[in-house]
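Position one of the sequence shown corresponds to residue 161 (my numbering), numbered consecutively onward. Every residue gets a Cβ at the ideal spot worked out from N, C-alpha and C, and that includes glycine. For clarity, every value in this text was computed on a predicted model and none was experimentally measured. Here the structure comes first, spelled out in C-alpha cells, and everything after it is commentary.
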Amino acid sequence: MHNKTIAKLVPIAAIVLGGAGAHGAGFQLLEQNGSGVGNSFAGSAAVAENASTIYFNPAGMTLLSGDRQVSGGLDLVRVGFEFSDDGSTLPALTASGTGNGGDAGGVAAIPNAYMAMKLTPKLAIGIGFGAPFGLKTEYDDDFIGRFLAINSEITTININPSIAYQVSPMVSVGVGINYQKMEAELTNAVNFSGLLAQAGLGVFPGLEGVGKVKADDFSWGWNVGVIIQPSQTTRIGLSYRSKIKHELTGDISFKRPDSGNALLNGAMAAGAPNGPGEADVEVPDTFIISAMQQLSPKWTMLGDISWTGWSSLESLEVFRTGGALLSTETLEWRDTWRIALGANYRYSDKVGLKFGVAYDQSPVETQHRLARLPDANRLWLSLGSQYRVGSALVVDVGYAHLFINDPKIDADGDDAAANGHLVGSYEASVDILGVQLTYDF
Numbered sequence: 161m162h163n164k165t166i167a168k169l170v171p172i173a174a175i176v177l178g179g180a181g182a183h184g185a186g187f188q189l190l191e192q193n194g195s196g197v198g199n200s201f202a203g204s205a206a207v208a209e210n211a212s213t214i215y216f217n218p219a220g221m222t223l224l225s226g227d228r229q230v231s232g233g234l235d236l237v238r239v240g241f242e243f244s245d246d247g248s249t250l251p252a253l254t255a256s257g258t259g260n261g262g263d264a265g266g267v268a269a270i271p272n273a274y275m276a277m278k279l280t281p282k283l284a285i286g287i288g289f290g291a292p293f294g295l296k297t298e299y300d301d302d303f304i305g306r307f308l309a310i311n312s313e314i315t316t317i318n319i320n321p322s323i324a325y326q327v328s329p330m331v332s333v334g335v336g337i338n339y340q341k342m343e344a345e346l347t348n349a350v351n352f353s354g355l356l357a358q359a360g361l362g363v364f365p366g367l368e369g370v371g372k373v374k375a376d377d378f379s380w381g382w383n384v385g386v387i388i389q390p391s392q393t394t395r396i397g398l399s400y401r402s403k404i405k406h407e408l409t410g411d412i413s414f415k416r417p418d419s420g421n422a423l424l425n426g427a428m429a430a431g432a433p434n435g436p437g438e439a440d441v442e443v444p445d446t447f448i449i450s451a452m453q454q455l456s457p458k459w460t461m462l463g464d465i466s467w468t469g470w471s472s473l474e475s476l477e478v479f480r481t482g483g484a485l486l487s488t489e490t491l492e493w494r495d496t497w498r499i500a501l502g503a504n505y506r507y508s509d510k511v512g513l514k515f516g517v518a519y520d521q522s523p524v525e526t527q528h529r530l531a532r533l534p535d536a537n538r539l540w541l542s543l544g545s546q547y548r549v550g551s552a553l554v555v556d557v558g559y560a561h562l563f564i565n566d567p568k569i570d571a572d573g574d575d576a577a578a579n580g581h582l583v584g585s586y587e588a589s590v591d592i593l594g595v596q597l598t599y600d601f
C-alpha cells in the first residue's frame, strides 16, 4: 500500500509539472510576448516585429530595426474551470464532501523579456526569457474530485540565447539553445481509511489527509528557424523547437489525520511515508509554418499552421528514487494542429490595429482527461493595437477570448477505490490581456 499510495501522487505531479492551464492546447503557453495576442499569434514565425522573435523564430533577429533592441511584456490570463457533477462517487469510507469545487481557475501573470543586438549588418545575437509552460488551479476542499486534485501550482522559466545570420537578402537563418527549469507544488486528498482497511487493521471511516508533491528539474533543448523573403511584400517563416526531456525529482509528504489511536497513527505513517520520488517527462517538439503578406500600404495578412508532437506522451513511468518502478500511467495523447489567421491595419504612421482568429486542437480525449488538466479544443478571437511613441518606443496591447468546448471528464486515476470516480463536465474559458514594450537604441 505504501508504494501504491505514492504511485497515485507522483504521476499526476509529473504530468502537470510540464504545465497545464494552458492557453495553447495541452499544457503549452503560447504567451511568449504581448504583441502577438492581438493577432492570435498568427504569423508568429514570420513577423519579427520585435525581439520576441528569439522564441518564435530566431532568424528574425536579422530583420529587426535598430542595432540593439529590448522588448519586454506581460500577459495577464484569466482561466475559468467550473465543474458540473454528473454522477461522481467518492472512495469508500471517506468523509462527506460532494461539492463542485468552485472555479478552479484564476488569474496568472506570464512575463517575458528579450534583448537582440546586431554584431554586423548580417549577424545578430540575442537572449530571451519566458515561461513556456505553467499552471495555477485550485479546487475547494470539499470538491468531490479532491482525491484526484486540489491545488496545482507550476512555474516554468526558459532561457533562450540565440544567433542569426542573413545568408542573402532573401534568406536568414537562426538557432538557439534553451535552458529550462520546471518546479511545481501539487496537492490532493488521501483516503487513509482505505489504506487502513486494505492493511487489515479494521474499518475507520472519515480519515482523510492531504498528500503534497514538490519537484523540479533543469534541462536543455534547442530551436532553429529560417525566414525567406521572395519579395518586399511577402515573408515566409519556418521554425522548429525540440523536445525537452525532464528528469523530475522531488519530495512527497503527507498531512495525516489524527485517529486518536497511536497504533493506527503509526500504521498511516508507515503506509504513506514521506520520501523522494522521480519521473521522466518529455515535453513535445513543435513545428511552425508562418506567412506574412502585405496587401496594400494599409493592410497586411498573417497566417500560421503549427504542429505539436504530443503523441510522445503515451505513458508516464514513475520510480522510487533508486530505481524501483512504482507505477505506469497511460495517457495516449495525440499530435495536434493549430491554425491561425490575422490581419494588421495601419491606421496612421503611429497607430496600427490588429485582428486574429485561431483554432487550437487539444491532445486530450475524454477517457484520458485529468482533473488537473481539463483541456479541450478551443477557438481564439482577438484584437489589439500598436502605438509608436517617437522613433524608438513601440507599445503593443492585445486582448483574446478563448471559447473552449465544454470538457467532459470520466476519471478515477486508474484506481476508483483510492480516488473515487469523477464524472461530469466543465464550463471553461480563457481571457488574455497582453502588453509589450519595445525599445530601439
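Pair within 8 Å by beta-carbon distance, residue i and residue j
i: Gly397; j: Gly385; result: yes
i: Thr254; j: Glu343; result: no
i: Thr213; j: Lys282; result: no
i: Ser542; j: Ala560; result: yes
i: Val237; j: Val590; result: yes
i: Glu313; j: Lys341; result: no
i: Gly198; j: Gly469; result: no
i: Leu582; j: Ile564; result: no
i: Ala536; j: Gly516; result: no
i: Gly502; j: Gly220; result: no
i: Tyr586; j: Phe243; result: yes
i: Gly584; j: Asp376; result: no
i: Phe364; j: Leu423; result: no
C-alpha gap between residue i and residue j, whole angstroms
i: Gly360; j: Asn579; result: 19 Å
i: Val373; j: Glu345; result: 6 Å
i: Gly226; j: Ala531; result: 47 Å
i: Ser413; j: Asp520; result: 37 Å
i: Leu539; j: Lys458; result: 27 Å
i: Pro390; j: Ala205; result: 16 Å
i: Leu234; j: Leu593; result: 8 Å
i: Glu438; j: Gly305; result: 25 Å
i: Ala269; j: Asp302; result: 27 Å
i: Leu355; j: Gly431; result: 7 Å
i: Gly122; j: Arg498; result: Given a span of 161 to 601 for the chain in the structure shown, any question on residue 122 remains unanswerable.
i: Pro251; j: Ala577; result: 5 Å
i: Glu191; j: Tyr400; result: 17 Å
Residue i in three-state terms, based on DSSP
i: Tyr507; result: coil
i: Gln454; result: strand
i: Leu562; result: strand
i: Thr222; result: helix
i: Tyr299; result: coil
i: Val197; result: helix
i: Thr605; result: Residue 605 lies beyond the range of the chain shown here (161 to 601); nothing can be said about it.
i: Asn425; result: helix
i: Trp493; result: coil
i: Gln546; result: strand
i: Gly261; result: coil
i: Leu355; result: helix
i: Ala276; result: strand
i: Ser472; result: helix
i: Asn311; result: strand
i: Thr393; result: coil
i: Gly334; result: strand
i: Thr347; result: strand
i: Ala552; result: coil
i: Thr481; result: coil
i: Ala269; result: strand
Neighbourhood of residue i by C-beta, 6 Å cutoff - its chain only, sequence neighbours within 5 removed
i: Leu473; result: Leu491, Trp493
i: Tyr274; result: Ala211, Ser212, Ile214, Ser231, Gly288
i: Ser449; result: The amino acid at residue 449 is misidentified as Ser; the sequence shows Ile. Closer than 6 Å at Cβ, skipping near neighbours: Leu398, Ile465.
i: Val554; result: Arg548, Thr598
i: Val595; result: Gly194, Gly233, Leu234, Val557
i: Asp600; result: Ser225, Gly226, Gln229, Ala552
i: Arg416; result: Gly369, Met428
Same chain only: Cβ atoms within 7 Å of residue i, ignoring 5 sequence neighbours per side
i: Glu209; result: Ser195
i: Gly336; result: Ile214, Pro218, Asn320, Pro321, Ser322, Trp382, Asn383
i: Lys405; result: Ser379, Asp440, Glu442
i: Thr347; result: Ile310, Asn311, Val370, Gly371, Lys372
i: Tyr507; result: Leu513
i: Val327; result: Val333
i: Tyr505; result: Lys458, Trp459, Gly512, Leu513
Nearest-angstrom Cβ-Cβ length linking residue i and residue j, presumed shorter than 8 Å
i: Ser471; j: Asp495; result: 5 Å
i: Gly657; j: Asn272; result: Outside the modelled stretch of the chain, which goes from 161 to 601, sits residue 657, for which no answer is possible.
i: Phe293; j: Asn351; result: Between Asn351 and Phe293 the Cβ distance is about 30 Å, and since that is not below 8 Å, they are no contact.
i: Ala349; j: Ile310; result: 6 Å
i: Asn318; j: Ala291; result: 7 Å
i: Ser200; j: Ala518; result: 4 Å
i: Ile388; j: Met330; result: 6 Å
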